[in-house]
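Single-structure report; data block below.
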Amino acid sequence: MKLDADTLFALLPAFYRERDAELNGPLRALLGVIARQGALVEADIERLYNNGFIETCEDWAVPYLGDLLGVRALYPVGGTAAFGPRALVANTLRLRRRKGTALVLEELAFDTTGWRARAVEFFERVSTTQYLNHLRPHALRTPDLRQPRPLDRIDGPFGTEAHTADVRTLPAGRYSLPNVGLFLWRLQAYPVQRATARPATTRPGFYTVDPLGLDQPLFNRPRTESDISHLAEPINVPEALHWRDLHAELEARRQALTDGEDPDDRYFAEVGGGPVLRVWVDDKEIPVEHLVICDLGPIPAVAPEDWRHPPATLTVTARKAGRPDKTFPTAGSVLVGIDPRRGRLALPTGVTASRVEVAYAYGFPGDIGAGPYDRRPGPGDDDPLAMLPDPADFEVVIHVPSAATPTLASAFNAPANPADAVNRVVAGKRTLVVLDTDASEGLTPTLNLPDSHLAIQAAPGRRPVLVGDFALKGNASTRLSLGGLLLDGALNLQGRLNAITLRHCSLVPGKGGIAHTGAGTELALSLYRCLSGPIRSNKALAGVRLRDCLIDGEASNLAIDIDDSPLSALASTFFGTTDAGRLEAGNCIFDGLVSITRRQEGCVRYSYLPPKSVTPRRHRCQPDLVVADLPAADAAREAMRVTPAYTSIRFATPAYGQLTRSTAPEIRTGADNGAEMGVWNLLQQPQREANLALALDEYLRFGLEAAPIFAN
């Protein structure tokens, strides 16, 4: 029963309700007070009931329920919603029933780290003489060189080849009888619903799937396993798509349709999130069977660079008697060639399109920069910088696309219909623009918004792209907030501005980054979980604050140049030099020299700074700690040893800014929370690995050894 004043009042006899109405409702008011307090008690009772179950309990109750089952305490992992102990506690009983099996170890690895996992019992891959009463035809001593698909998987988590015995321990040695490898995928797959493919600069009909025109491998969108008795397969992990697997499935689909059978799809099934790839040409969706997996690399010895075209038609011979051969595509459609290794797309010769859109997934280490992930602050994160704009704080809220504003540019143009004026950005108002699209949008090159607060925010699950430079003019009352946007251009700040805040945004390095050329010192620039090119200002600012950011100076080798401005940086990585007036930094990696003017103020804590950097006082920084009290020769060697190494420093690669596994432990565990320094501190990878090591002791069978092996 709903407990409110109206419900309680309706239970009274009509006589009392009539008398109360004659007296202006004192009894109804009293019942309202009683109902409010009763509702609080009712909610508390319901909360207590929910806290008795692991599926519905509050986060604080999870360790208490785990203690009742004797679940070992794990290291807390904060800063990301990707992992929590709830799954481990919920699965404890069924894991214990299957203790010691590869199925349990795989599930355990996922529950304790939050990374997708695949358990491999390496004794299955050791080359041995087989017992004639127990033949294993899948474990042949030599691989079949006529089967190219298994050859693509050699030495990986899904390989089937046999190896000679390796006496080394895990993870260096794998192929031995007691070894169990737990392959973990550190990169995650981020699905984009309908992005605008970028026309290539070669010839018409060629596109890159990435809206920025970058060659990036396409990733699988992992399907969640519903049964613990199932070992992970390629469809269940966020790996780069293998072109042979996609080609074989599409060929089998076309053959099944020709034979009048139902296709046995995995990557292109409609269930579990839909096909891994979808294409629209001029707003018309291309059927899956019209996709062709191709090698769209440059044709050798052809200048200027040219790609291959897919065929105009494909004819499939029927295998069933009485069935006619079938030609693809059907009327009104076209074949579309896709190269998943390079993220390229091509139309047949002579076919042109005004617009091509693609649904796909890309790989990245975590929730940094523009992306279709949950951008709400995590539990316990009460930093105002992490809070998303509240629509209630704005006078005007504009949704794009809509009938009145089909594009972002239309929100800044004078409307043809005066009634649509309420759906326009005008100076002097607080305006929120919500982009519910993944398309590439243009924007007015220069916005002049004095006395205004403009917020442009991506809708949940979306990653819109703004093409071209974006300039803002205003006065000391002008505020700008950008959230969830991918900017293929520079952000130029002009005039006397008040505050610029970027949350979960990506500004392509090499396109100019953020530049302030206005006058005045009122501007406060803040970036939260952003990827950006260099930040420059020719005037001192009120302050620059960075949290969980990667600033890439790229070719200029200049990450920060903000005159005499104060810089505050937390858990951020800088590719290039840093020049500022004052510095407060913690858990950061400065990959270029740091030069600070006012060294009597500020502090640098738990960070890496190159030798010869000029900074305020330091606390537990590297390489200062490892070279302390060492002779010059040894100090130089130690300083070189702790220099951070990266999987990639190119913006176009999935592992952008990710530290390699060979990076010194002083860097990988050197932050104040025991995690790695730099932008990926929020992932807290050392804690995840430690959680897995703690849990393995309980679930690993005697005589076996298990260790994590990172697949990417």
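To convert, note that position 308 of the sequence shown is 308 in this note's numbering; the numbers rise steadily by one, no gaps. No residue lacks a Cβ here, since even glycine has one placed at the ideal position from N, Cα and C. These numbers were taken from a predicted model, which means no experiment stands behind them.
According to the DSSP assignment, proline 26 belongs to the alpha helix (DSSP H) that extends over 26-50. When the alpha-carbon of glycine 173 is set against those of Phe123, Ser572, Val334 and Asn498, the nearest one is in Phe123. In this structure, DSSP gives alanine 633 a helical state, which the three-state scheme calls helix. For glutamate 107, no beta strand (DSSP E) segment is defined; the enclosing uninterrupted segment is the alpha helix (DSSP H) at 102-113. Assigned with DSSP and collapsed to three states, leucine 546 falls in strand.
The beta carbon of aspartate 144 sits closer than 8 Å to those of Pro150, all from its chain and outside the five residues before and after it, given in chain order. Distance between leucine 497 and histidine 290, taken at the CA atoms: about 52 Å. Bounds of the beta strand (DSSP E) holding glutamine 188 are 188-196.
Three or more beta-carbon pairs separated by less than 8 Å are not found between the region 659-666 and the region 89-109, which leaves the two stretches without contact. Going by DSSP, tyrosine 175 is part of no alpha helix (DSSP H) at all; its letter is neither H nor E. Under the three-state reduction of DSSP output, tryptophan 280 falls in the strand class. Counting only runs of 3 or more residues that sit fully inside the region 456-493, the beta strand (DSSP E) segments are 465-467, 470-473, 479-483, 486-488 and 491-493, in chain order.
Contact annotation: the region 341-352 does not touch the region 175-189, with fewer than three C-beta pairs closer than 8 Å. Listed as beta-bridge partners of aspartate 552 by DSSP are Phe575. In the displayed model, alanine 117 falls within a strand according to three-state DSSP. Note: proline 199 is bridge-paired with Tyr207 in the DSSP secondary-structure output.
In chain order, Ala359 and Asp438 place their CB closer than 6 Å to the CB of glutamine 193, counting only its own chain and leaving out the 5 sequence neighbours on each side. The shortest C-alpha to C-alpha distance from lysine 99 to any of Tyr699, Ile709, Phe710 and Glu705 is the one to Tyr699. For proline 665, there is no enclosing beta strand (DSSP E); the residue is part of the alpha helix (DSSP H) that begins and ends at 665-668. Non-local beta-carbon contacts of leucine 257 in its own chain, meaning distances under 7 Å to residues more than five positions away in sequence, involve Pro263, Glu289 and Lys326 in chain order. If you check the CB distance, serine 526 and leucine 432 do not come in under 7 Å. By the Cβ neighbour-count rule, valine 356 is buried, with 16 or more other Cβ atoms within 10 Å of its own. If only complete runs of 4 or more residues are kept, the region 238-285 shows the alpha helix (DSSP H) at 243-258, in order along the chain. Leucine 480 counts as buried, since at least 16 other C-beta atoms from the protein chains shown sit within 10 angstroms of its C-beta.
Excluding sequence positions up to five before and after aspartate 227, its CB lies less than 8 Å from no other CB in the same chain. By the Cβ neighbour-count rule, leucine 48 is exposed, with fewer than 16 other Cβ atoms within 10 Å of its own. When beta bridges are read from the DSSP output, lysine 511 appears opposite no residue.
Between leucine 482 and isoleucine 456 a beta carbon distance of about 5 Å is seen, short of the 8 Å cut, so the two are scored as contacting. Taking C-beta separations shorter than 7 Å and ignoring five residues to either side along the sequence, the partners of proline 324 in its chain run Ala318, following chain order.
Annotation for proline 348: His309, Pro310, Pro311, Ala312, Val334 and Leu335 place their beta carbon closer than 7 Å to its own, counting only its chain and skipping 5 residues before and after.
Ranked by Cα distance from valine 626, the first of Asn413, Ala635 and Thr196 is Ala635. Residue Asp697 holds the alpha-carbon nearest to the alpha-carbon of leucine 74 among Ala707, Gly442, Glu705 and Asp697. In this structure, the beta-carbon distance from leucine 558 to proline 534 falls below 7 Å.
Taking leucine 231 as reference, the option from Ile709, His619, Arg36 and Thr101 with the minimal CA-CA separation is Thr101. Here the alpha carbon of glycine 474 sits roughly 49 Å from the alpha carbon of glutamine 37. The alpha-carbon of alanine 707 is positioned some 11 Å away from that of glutamate 106.
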